[in-house]
Every structure is written in structure tokens, then in C-alpha cells.
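Notes follow the structure.
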Amino acid sequence: MLIRYKKNFEKIAMGLLSFMPTEKELKKLQQSMKQYESEENWQLFLWKEEDIIGIVGVSSIDESNLEIHHICVNPSHRHQGIGKKMVRALKEMLPDKTIIPTEQTAAFFERCDQNQDDIKELNTSEE
Ligand SMILES: CC(C)(COP(=O)(O)OP(=O)(O)OC[C@H]1O[C@@H](n2cnc3c(N)ncnc32)[C@H](O)[C@@H]1OP(=O)(O)O)[C@@H](O)C(=O)NCCC(=O)NCCS
38 MLIRYKKNFE KIAMGLLSFM PTEKELKKLQ QSMKQYESEE NWQLFLWKEE
88 DIIGIVGVSS IDESNLEIHH ICVNPSHRHQ GIGKKMVRAL KEMLPDKTII
138 PTEQTAAFFE RCDQNQDDIK ELNTSEE
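The sequence shown begins at 38 in our numbering and counts up by one.
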């Protein structure tokens with residue numbers, strides 16, 4: 038389940054964000070956290086199952102477009118579809134927004150779209 042970031046999740050959120058290749062330096066990571074905490078159009082969401090195991094960070098470009106800046110899953114929970122579930126849940130939570138990746142998240146984001154197309158094709162061929 039996708040939940041909104043709150044200050045008491047700061048440590049876990051920073052730990053998850055630090056898996057982004059762009060957030061390896063503590064200074065950069067702290068800047069990013071500050072941006073999510075202080076700027077209204079920057080928002081962090083956490084993926085909670087029993088524990089919090091994923092994070093996705095977005096900013097709104099304008100009324101209808103949203104950019105994904107960060108997406109990370111705890112290494113112990115990777116390759117189980119959590120990353121794709123987070124992207125799907127974000128789209129479902131914000132159905133009137135167009136979600137686009139940044140250069141840093143494009144590779145995975147495009148992979149999510151690809152697989153959705155595969156599913157659509159499978160459904161069509163079964164009809
Ligand atoms: C990217 C990430 C969030 C994927 O999370 P996940 O829960 O393992 O993803 P899913 O299980 O939903 O999907 C796995 C698929 O994504 C692919 N994938 C993983 N990381 C990827 C990346 N950086 N670029 C492109 N594809 C990627 C896997 O190869 C796998 O493909 P498959 O379905 O054909 O086997 C996770 O690997 C992560 O936290 N990486 C470090 C942070 C990062 O680099 N984020 C930006 C990614 S562009």
C-alpha cells in the first residue's frame with residue numbers, strides 16, 4: 038500500500054532514497070529530503086507491506102503533469118514486482134495526472150510501461 042511520507046518516517050525514507058545512484062553523497066541526500074519536506078509540489082510516498090520497503094518521490098510540473106525523481110525498493114525485496122506495483126498504485130492514486138520519468142528513473146519506468154503493454158497483448162490474444 039502506498040502511504041504519504043511523514044516526518045517520523047525520515048530515517049527509513051533516507052535509507053531507501055540512498056539506493057538511487059544520484060543520492061550516494063550524504064549532502065545530496067539531505068538536500069533531496071529537505072526538498073520533499075519543504076516544497077509543496079514535491080511529494081514522497083512509501084510502500085508499506087508489513088514493513089516499509091519502497092519509496093517513490095515525485096514533483097508536479099504543472100496541473101496535469103507529474104515527474105518521478107526517485108524510485109527505490111529495499112534490496113531484500115527486489116524482483117518481486119514491488120517497483121512496478123508502486124508505479125501502478127501512483128497512477129491509480131492520481132488518475133488525472135500524466136506521470137513521466139526523469140532521466141534518472143526512465144530506465145525502470147519504461148520497463149513498467151513495456152510490461153503493461155505485454156499484459157494488454159496477452160489479454161487481447163486470449164479473446
Ligand atoms: C529499480 C527498482 C526500484 C526496481 O524495483 P523492483 O521491486 O526490484 O522491481 P520489479 O520487481 O517491479 O521489476 C523488476 C524488473 O525491473 C528491472 N529493473 C530493475 N532495475 C532496473 C533499472 N535500474 N533499469 C531498468 N530496469 C530495471 C529488472 O531487470 C526486472 O526486469 P524483469 O521484470 O524483466 O525481470 C530497484 O531495483 C531499485 O531500488 N534500484 C535502485 C534504485 C534505482 O536505481 N532507481 C532508479 C531506477 S531507473
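Every residue, glycine too, gets a C-beta built ideally from N, C-alpha and C.
Under DSSP, Gly-91 shares a beta bridge with Trp-84, Val-110.
Residue burial annotation: Ala-143 is exposed, with fewer than 16 other C-beta atoms found within 10 angstroms of its C-beta.
Excluding sequence positions up to five before and after Arg-125, its CB lies less than 6 Å from no other CB in the same chain.
By the criterion of at least three beta-carbon pairs nearer than 8 Å, the region 107-115 is in contact with the region 44-59. A distance criterion of 7 Å places the beta-carbon of Arg-148 in contact range of ligand 1, judged by its closest non-hydrogen atom.
Note on Ser-113: under 16 other CB atoms within 10 angstroms of its CB, so exposed under the neighbour-count rule. Counted as a single uninterrupted DSSP element, the stretch harbouring Leu-54 is not any beta strand (DSSP E) but the alpha helix (DSSP H) occupying residues 47-54. For Pro-58, the secondary structure class from DSSP, reduced to helix, strand or coil, is helix. For Ile-98, no beta strand (DSSP E) encloses it, and the DSSP letter there is neither H nor E. Annotated three-state conformation of Arg-125 is helix, per DSSP. Excluding its 5 nearest sequence neighbours in each direction, Met-38 has C-beta neighbours in its own chain below 6 Å: Lys-85, listed in chain order.
Taking C-beta atoms as the reference points, Ser-101 and Asn-78 fail to come closer than 8 Å.
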